[in-house]
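Working notes for the structure below.
Protein chains: 2
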Amino acid sequence: MLPRGRPRALGAAALLLLLLLLGFFLLDGRPRGAAACDPHPQADLGGHNRSDCVLPRPLPPKCELLHVAIVCAGHKTSRDVITLVKSLLFYRKNPLHLHLVTDAVARNILETLFHTWMVPAVRVSFYDADELKPQVSWIPNKHYSGLYGLMKLVLPGALPPDLARVIVLDTDVTFAADIAELWALFAHFSDEQVIGLVENQSDWYLGNLWRNHKPWPALGRGFNTGVILLWLDRLRQAGWKQMWKLTATQELLTLPATSLADQDIFNAVIKGHPALVRPLPCVWNVQLSDHTLAERCYLEAADIKAVHWNSPKKLRVKNKHVEFFRNLYLTFLEHDGNLLRRELFGCPSPRPPEAERLQQALAQLDEEDACFEFRQQQLTVHRVHITFLPHQPPPPRPHDVTLVAQLSMDRLQMLEALCRHWPGPMSLALYLTDAEAQQFLRFVEASEVLSARQDVAYHVVYREGPLYPINQIRNVALAQALTPYVFLTDIDFLPAYSLYDYLRASIEQLELGSGRKAALVVPAFETLHYQFSFPSSKADLLALLDAGSVHAFRHHEWPRGHTPTDYARWREAQAPYRVQWAVDYEPYVVVPRDCPRYDPRFVGFGWNKVAHVMELDAQEYEFLVLPEAFTIHLPHTPSLDISRFRSSTTYRGCLQALKDEFLQDLSRHYGAAALKYLTALQQP
Amino acid sequence: MLPRGRPRALGAAALLLLLLLLGFFLLDGRPRGAAACDPHPQADLGGHNRSDCVLPRPLPPKCELLHVAIVCAGHKTSRDVITLVKSLLFYRKNPLHLHLVTDAVARNILETLFHTWMVPAVRVSFYDADELKPQVSWIPNKHYSGLYGLMKLVLPGALPPDLARVIVLDTDVTFAADIAELWALFAHFSDEQVIGLVENQSDWYLGNLWRNHKPWPALGRGFNTGVILLWLDRLRQAGWKQMWKLTATQELLTLPATSLADQDIFNAVIKGHPALVRPLPCVWNVQLSDHTLAERCYLEAADIKAVHWNSPKKLRVKNKHVEFFRNLYLTFLEHDGNLLRRELFGCPSPRPPEAERLQQALAQLDEEDACFEFRQQQLTVHRVHITFLPHQPPPPRPHDVTLVAQLSMDRLQMLEALCRHWPGPMSLALYLTDAEAQQFLRFVEASEVLSARQDVAYHVVYREGPLYPINQIRNVALAQALTPYVFLTDIDFLPAYSLYDYLRASIEQLELGSGRKAALVVPAFETLHYQFSFPSSKADLLALLDAGSVHAFRHHEWPRGHTPTDYARWREAQAPYRVQWAVDYEPYVVVPRDCPRYDPRFVGFGWNKVAHVMELDAQEYEFLVLPEAFTIHLPHTPSLDISRFRSSTTYRGCLQALKDEFLQDLSRHYGAAALKYLTALQQP
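Protein chains in written order, with the working numbering: chain H, 1 to 684; chain B, 685 to 1368.
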């Protein structure tokens, strides 16, 4: 026992100590990491072993909005950004605001994508990269990322002035953890620190990798700028713009150009102002270049938080564990993006108005309705990735025609033949899963014929729901056609070799440009032969018809679809002739780009083209059959939807209901003129 | 200033305090949660808001082996287990040991699956559920899970005696976080606590849900047993077996049966011994039953860690946020399981020998080799899920024949017709992605014809790699055939309606059972018509042949494949006749189940059947053509592989290399007898 009197003083001191300690551990509700856990740039590249030092998981307040900036230009990089964003969304639990600095191509793609993706609690803002170009174009740069690689330097000026902090990401980064954990590291910045960066995981900046290798100046191994925490308002206050320009100008007196784009300049600035940088744990930017030293980081770390494919070889880079990282990347590449439409619980995240309307419409559907699947499918908004592959829009020409069609994976093998038959522009919509989109990409890259064509635009409509939304897919292809006319066809037809030239000549001759409202009919035929020598002229085709190896399309199974084209007259015709609409007529036609859209209510099999042609007629298009035009259907396996149609009375019943509703809408829209369709359909 | 002399004592006391405090926070390297964070079962159902109380993320030591036990029986539950395991694997960073208590069906499926999955650092042990049945079969149980629902009670006795702790999971649980975080909660157990459970998120155990509703006794709302932390050795020491049996026996004196299987008994035991239970945070078992109160938990919580579909309606359950949870579930349901073959960095995880051999073989491939893709594809071990759907093996019959074929998604529409043409057992292998497997499931469930058939076994071979591994897929179907004979066919053929009966009669007549080595040839025909009236007899077929609407199969494009069948003789034949092998012969045959396997080196298009028939001939099977047998090929789109074959000289070159290697192996195996194939092939 201690003598009386002392305990009081001791007790008070102990209480004080206890409070101090508790304060240290529990202030703001979470234990802070010990100082020994802080990564130190000059030390070594290693991660921090869990057994040595446990960093508690710091998190920003629930529902705090996190800001992410990404520079993105071109078709390929747009695809990359989507994979990055998928990995972000997979783990995130906070609302996100994406700030995308884009060229026109990327903006076009990503605007459509995010608009149709409708991810709750994700806001997207676009900034025009071309406007920023003058600010960096004076810097000679040898990096493969080009001018866009330098744009991260100007973000403090380009982003809204009230935006205080942002995470900046390269497009070749994949997340494997919640980005909120990265955002939380802002809380570790000292008052002076403005840029959070992970140390470089290569010896590049140490210099002397080869004779005369003279890198830009850097602190030790320098820092990698694939993942940056930018404290924007502090940067603006510190005069960042002047600072980096001055540094770059000075260095460029002795160095010919940047080798690693913005990264060289960031490192040179930091070399001069080491207090600006907050080093981040290596796991937030595991760099997978060829001679990466990243292994030291990730073998020790329990978690890998973000992976950076910072070799020009990207996924083809070779290192010991690349299979692991590739799997991680493929996980998000092939992940069904529709599943990322998950809402955030407990964070108020008002939906955009169209998403709200959609929710209400879906909520009003009756699950017991026999046609529930049809109703649901009609309402589904499909994610759309336009110009999935590089595409060069055709030069504006007054009579040009784009071939418009849609397909899914089971028709990919038609594409090469189609390219051979149609030398003009095409707008093709593909109905694919995320994983299939990658298969499609590989398919095109492996094909010399397809990869040589820059005038074929491929638009991916992502699969969702049990029925094939054929008209929604067609509408995507149609909306993306850039020429004044479109040839609306199906993917299993091959047009006559001369059709593209012939159509343009016909459009000119018939003076369709001067307001004549016409749909030019391309007569459709079919062959049942797997291997088939395609007729090189109308005379050849007539010979094959006579020999019985080619027929009018579906003349056995569904003669009404094409009978009005009048094949007998076509045989003899020398000039275009007008034909009249009749029930169930569904010819393949050439029309102006601003023709009516396909009615999206027709999902699955049946009446999808018939309704469109009916609407053309209701809008008083004349149907003119072209005497030298033809297209031939090749044999294929019947689709699943046609099998369902044949086997299911419910299916046929629902289709009938759709038809009836369509006709009602037609009457409402076109009034008495539409009566003729009702009458015609009522006849036996 | 304190007077001299005192500081020493004060300092010593303070140091002591400091050490105590540090010990409290940092013992075993991680801060422990404050007592205020502990969930309390009697309190309320809410989670713990991050702003009130932040539990640091506790983790077990890196590389600690975690044990998970799951009870699983039947085809459907086996599929569910795989989804659960995929969610576990996705987030895990520790080696896992799965303890699967299974019936014979589930064991057969899951053994094959894990064997072919080859996930590093995952060990699987099986325990026979049927052996455990007597221990629980005396308990009357009304729950839909049946007897298997009670088996969690006997795990302390059934699992190895040296297994100290285990996480027990229901098959309808989906993880959304690293299971190591759950495992780490064992560290929070007091010395008395033996069972970790999440409180029930429904009012069931409060009673009075309806008139005469009398649930089993429970503490308050009771606990849900979908996720359990079981401290096995403490349970064994505490006499668990006697304890639960005694409780159950006593309660069954007044209650007629368990309503919720094991959960009723666990709760009754805990009611009597409240000190046994360690309540777990609600986020580890978010219960999605119809009237769930789970919302109180997950709206407050930042993270949902594990979701439990504990309604008999499963994914069809209705609650406000079910779309969110469904998306989470679909994420793993459709996730490409191949991507989960990621190794664990920094944890020594020796691969199984076959995985090691495979790695070495893959490492030896030359990426510059023009046929690299072929080599890689041949070596690929595909994940295989046998009997993906409910299947009733055929009763043993001495002359029974199973139809064996393989297909991918684009041939699903053949299945109904095939079922109508072949009333006997079938073994069909499907080459699918994980997502396609779900589409396939829905397709079968929507089809009356298909869902009525219990004698058709569907085996899923998961897609991996660019070339179609046709012979590997065929071998899976062949290996799973359970009758003494197999009819080896392709999916786009429809057999004569009488073929099944006729084959069995022929096998009996020809006395194939008594050692006669024969391959019965089923002559193959083709039609080019979409819609086709299938001949009901040989006479009908001959009429169609004469009319030119049916031909011998590929007699225009590839006559060598079937010419040796001698169609002219077949027209007249009344009895089986023998024909000789010839180059490129590839008839459809009936052979004993133990026939040679298909050579897996043939991937993609070409020579896959030819090589098999050659090997039958090398093994001296006689080819006997059956006079009344026929099968007819329906038209379909050419496969992508045939397109690649036609367009790529490299592809054809690689196929030639495969052929040459196959012939060399044949010579090595069959010696001089195989010379005839070399000679035959060298002839022009």
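Think of the CB as a built atom: it goes at the ideal place given N, C-alpha and C, for glycine as much as any other residue. Remember, predicted model here, so these are calculated numbers, not experimental data.
*Would you please state the rounded distance, in angstroms, between the beta carbons of alanine 1378 of chain B and tyrosine 1305 of chain B? I believe it to be under 8 Å.*
An answer regarding residue 1378 of chain B cannot be provided, because it is not within the stretch 685 to 1368 covered by chain B.
*Starting from the beta carbon of threonine 1117 of chain B, find every residue of chain H whose beta carbon is closer than 7 Å, and list them in chain order.*
For threonine 1117 of chain B, the chain H residues whose Cβ falls inside 7 Å of its Cβ are Ala435, in order along the chain.
*Can you list, in chain order, the residues of its chain whose CB lies under 7 Å from that of leucine 1102 of chain B, leaving out five sequence neighbours each side?*
If we look at leucine 1102 of chain B and ignore the five residues flanking it on each side, its Cβ neighbours are Leu1178.
*Would valine 1144 of chain B pass as a contact of alanine 1161 of chain B if the rule is Cβ separation under 7 Å?*
Not a contact, by the Cβ cut-off of 7 Å.
*Per DSSP, methionine 414 of chain H is paired with what?*
Paired residues: none, contrary to the question.
_Interface residues of chain B facing glycine 346 of chain H [CB-CB closer than 7 Å]_ = Under the 7 Å cutoff, chain B gives Leu983, Glu984.
*Could you list which residues in chain C have their beta carbon closer than 8 Å to that of aspartate 1020 of chain B, in chain order?*
Note that chain C does not occur in the displayed structure, where the protein chains are H and B.
*Can you tell me where the beta strand (DSSP E) with arginine 849 of chain B in it begins and where it stops?*
Where arginine 849 of chain B is concerned, the enclosing beta strand (DSSP E) stretches over 849-853.
*Should glutamate 1027 of chain B be flagged as near chain H, meaning a C-beta pair shorter than 7 Å?*
Yes, its Cβ sits closer than 7 Å to a Cβ of chain H.
*What does a CB cutoff of less than 7 Å around aspartate 490 of chain H pick up in its chain, not counting 5 residues either side in sequence?*
By the criterion of a C-beta distance shorter than 7 Å, aspartate 490 of chain H is surrounded in its chain by Ala405, once the five residues flanking it on both sides are discounted.
*asked:* Would you say phenylalanine 630 of chain H lies against chain B (beta-carbon separation less than 7 Å)?
replied: Chain B contact via Cβ: absent.
_Which same chain residues end up closer than 8 Å to proline 1280 of chain B when comparing Cβ atoms and leaving out the 5 residues on each side of it in sequence?_
Hits under 8 Å: His1296, Glu1299, Leu1300, Gln1303.
*asked:* For serine 537 of chain H, count the other beta carbons within 10 Å of its own beta carbon; 16 or more makes it buried, fewer makes it exposed. Which is it?
replied: When all chains shown are included, serine 537 of chain H counts as exposed.
_Neighbour flag for phenylalanine 324 of chain H against chain B, beta carbons, 7 Å_ = Any Cβ of chain B closer than 7 Å to the Cβ of phenylalanine 324 of chain H would place that residue at the interface, and such an atom is present.
*asked:* By the 8 Å beta-carbon criterion, what residues does the region 1185-1213 of chain B contribute toward chain H?
replied: Under the 8 Å Cβ criterion, the region 1185-1213 of chain B contributes Leu1212, His1213.
*is_contact[leucine 1049 of chain B, chain H] using C-beta, thresh 7 Å*: By this cut-off, leucine 1049 of chain B is not an interface position.
*Cβ contact (3+ pairs, closer than 8 Å) linking the region 441-455 of chain H and the region 502-511 of chain H*: Short answer: they don't touch.
*For glutamine 359 of chain H, which three-state DSSP category applies?*
Annotated three-state conformation of glutamine 359 of chain H is helix, per DSSP.
*chain H beta carbons: is any one of them nearer than 7 Å to that of valine 911 of chain B?*
With 7 Å as the cut-off, valine 911 of chain B does not count as an interface residue toward chain H.
_Could you check whether alanine 158 of chain H and leucine 197 of chain H sit closer than 7 Å to each other, using their CB atoms as the reference points?_
No, the pair does not count as a contact, with Cβ atoms beyond the cut-off.
*Quick one: measure Cβ to Cβ for threonine 909 of chain B and leucine 768 of chain B, integer angstroms, because I've assumed they're closer than 8 Å.*
Taking the Cβ atoms as the reference, threonine 909 of chain B lies roughly 15 Å from leucine 768 of chain B, outside the contact range of under 8 Å.
_By the 7 Å beta-carbon criterion, what residues does the region 273-289 of chain H contribute toward chain B?_
Contact annotation: in the region 273-289 of chain H, no residue has its CB less than 7 Å from a CB in chain B.
*Buried or exposed for asparagine 896 of chain B, please, with buried defined as at least 16 other CB atoms from any protein chain shown within 10 angstroms of its CB.*
Burial call: exposed.
*Opposite glutamate 526 of chain H in the DSSP bridges: which residues?*
Partner residues in the beta bridge of glutamate 526 of chain H, as assigned by DSSP, are H/His551, H/His633.
_Going by C-alpha to C-alpha distance, which of H/Ser427, H/Gln413, H/Ala582 sits closest to valine 444 of chain H?_
With respect to the C-alpha of valine 444 of chain H, the residue from H/Ser427, H/Gln413, H/Ala582 having the closest C-alpha is H/Gln413.
*Please state whether DSSP places isoleucine 70 of chain H in a helix, a strand or coil.*
Residue state, collapsed to three classes: strand.
*Listed in chain order, which residues of the region 1036-1069 of chain B have Cβ atoms closer than 8 Å to some Cβ of chain H?*
Within the region 1036-1069 of chain B, no residue has a Cβ lying closer than 8 Å to any Cβ of chain H.
*Give every residue of the same chain whose Cβ lies closer than 8 Å to the Cβ of leucine 276 of chain H, excluding the five residues on either side of it in the sequence, and list them in chain order.*
Same-chain partners within the cutoff: Glu192, Gln193, Val194, Ile195, Ala238, Val269, Ile270.
*Who are the neighbours of leucine 339 of chain H on chain B, taking C-beta pairs under 7 Å?*
Neighbours of leucine 339 of chain H across chain B, judged by C-beta separation under 7 Å: Asn1011, Leu1014, Thr1015.
_Unbroken beta strand (DSSP E) run spanning asparagine 327 of chain H, endpoints_ = Unbroken run through asparagine 327 of chain H is the alpha helix (DSSP H), 322-333; no beta strand (DSSP E).
*Would you list, in chain order, the members of the region 451-471 of chain H that have their beta-carbon closer than 8 Å to a beta-carbon of chain B?*
Contact residues of the region 451-471 of chain H toward chain B are Pro466 (C-beta to C-beta distance below 8 Å).
*Candidates H/Phe388, H/Val381, H/Glu251, H/Leu328: closest to leucine 288 of chain H by CA position*: Comparing Cα-Cα distances from leucine 288 of chain H to each of H/Phe388, H/Val381, H/Glu251, H/Leu328, the minimum goes to H/Leu328.
*Count the CB pairs spanning the region 829-845 of chain B and the region 886-896 of chain B that are closer than 8 Å, and state whether there are at least three.*
Taking a contact to require three or more Cβ pairs closer than 8 Å, the region 829-845 of chain B and the region 886-896 of chain B do not qualify as touching.
_CB contact flag (leucine 782 of chain B, valine 752 of chain B, <7 Å)_ = Taking 7 Å as the cut-off, the beta carbon of leucine 782 of chain B is found closer than this to the beta carbon of valine 752 of chain B.
*Whose CA, out of B/Leu853, B/Ala1039, B/Val755, B/Lys777, lies closest to the CA of valine 785 of chain B?*
Taking only the C-alpha atoms, the option nearest valine 785 of chain B is B/Val755.
*Quick one: using the 10 Å Cβ neighbour count with 16 as the cut-off for buried, is glutamate 464 of chain H buried or exposed?*
Counting Cβ neighbours within 10 Å, glutamate 464 of chain H comes out buried, since at least 16 surround it.
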